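Read left to right, the sequence shown gives residues 1 to 137 (the UniProt record's numbering).
Worksheet: the structure to be examined is printed underneath.
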Amino acid sequence: MELVTEAPTVKAPAERFTGDVYLTPIDFSLDLGRLASALVRFTPGARTNWHSHANGQVLYVTDGIGLVGTRDGNVVQISAGQTLKCPPGEEHWHGATSDTFMAHIAMVVGDTDGEGSTWLEPVTDEQYDTAHRTAGR
1 MELVTEAPTV KAPAERFTGD VYLTPIDFSL DLGRLASALV RFTPGARTNW
51 HSHANGQVLY VTDGIGLVGT RDGNVVQISA GQTLKCPPGE EHWHGATSDT
101 FMAHIAMVVG DTDGEGSTWL EPVTDEQYDT AHRTAGR
């Protein structure tokens, strides 16, 4: 058994996120088939870039209201206490709404190379605004 006594919160890298996003690692051991997890906090308007996961992703919302969008235009509004599963290979993004904070625990399992995510281009303001309209916000 190992007690993790320090898990410093860091600002998420600008090349993968729009806006102010903060990461607190829970376990970032992406060895072969290992779970990586983190508490991710999004300020209003903040979001991930488009990305996908070889083995999918699970998001458990701990606070606030957020949006998750996919390339086909599907948008899901998520809120505290809800769990969302993103299937393997699906290009998607997630983040806070424009007027609320949102925090979730993100969980990803590494693939055979020890990687779990493929990061792509930023979500444009137009795509983000369209997601809000689609979600009725």
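All C-beta atoms, glycine included, are put in the ideal place defined by N, C-alpha and C.
All of these numbers come straight from a predicted model, not from anything done at the bench.
Need the endpoints of the alpha helix (DSSP H) that residue i sits in, please.
| i | result |
| --- | --- |
| Thr130 | Asp125 to Thr134 |
May I ask which residues mark the beginning and end of the beta strand (DSSP E) holding residue i?
| i | result |
| --- | --- |
| Asp63 | Gln57 to Thr70 |
| Leu84 | Thr83 to Cys86 |
| Thr118 | Ser117 to Trp119 |
| Gly45 | Neither: Gly45 is in no beta strand (DSSP E) and is coded neither H nor E. |
| Ser79 | Val75 to Ser79 |
| Gly95 | His92 to Ala96 |
Considering only the beta carbon of each residue, do residue i and residue j sit closer than 8 Å?
| i | j | result |
| --- | --- | --- |
| Leu67 | Ala135 | yes |
| Gly116 | Ala54 | yes |
| Thr18 | Pro88 | no |
| Arg16 | Trp93 | no |
| Thr48 | Asp20 | no |
| Ala46 | Gly81 | no |
I'd like the list of long-range same chain contacts for residue i, defined as Cβ closer than 6 Å, with 5 residues on each side in sequence excluded.
| i | result |
| --- | --- |
| Pro25 | Ala7 and Ala38 |
| Arg34 | Gly110 |
Who are residue i's beta bridge partners in DSSP?
| i | result |
| --- | --- |
| Trp50 | Its beta-bridge partners do not exist; DSSP assigns none. |
| Asp111 | In DSSP, Asp111 forms no bridge with anything. |
Please go through the same chain and pick out, in chain order, the residues whose beta-carbon is closer than 8 Å to the beta-carbon of residue i, but skip the five residues on each side of it.
| i | result |
| --- | --- |
| Tyr22 | Thr9, Val10, Lys11, Ala12, Val40 and Arg41 |
Next on the checklist: Would you call the segment 57–77 in contact with the segment 98–117, where contact means no fewer than 3 C-beta pairs closer than 8 Å?
Outcome noted: In short, these stretches touch, since the Cβ pair count reaches three.
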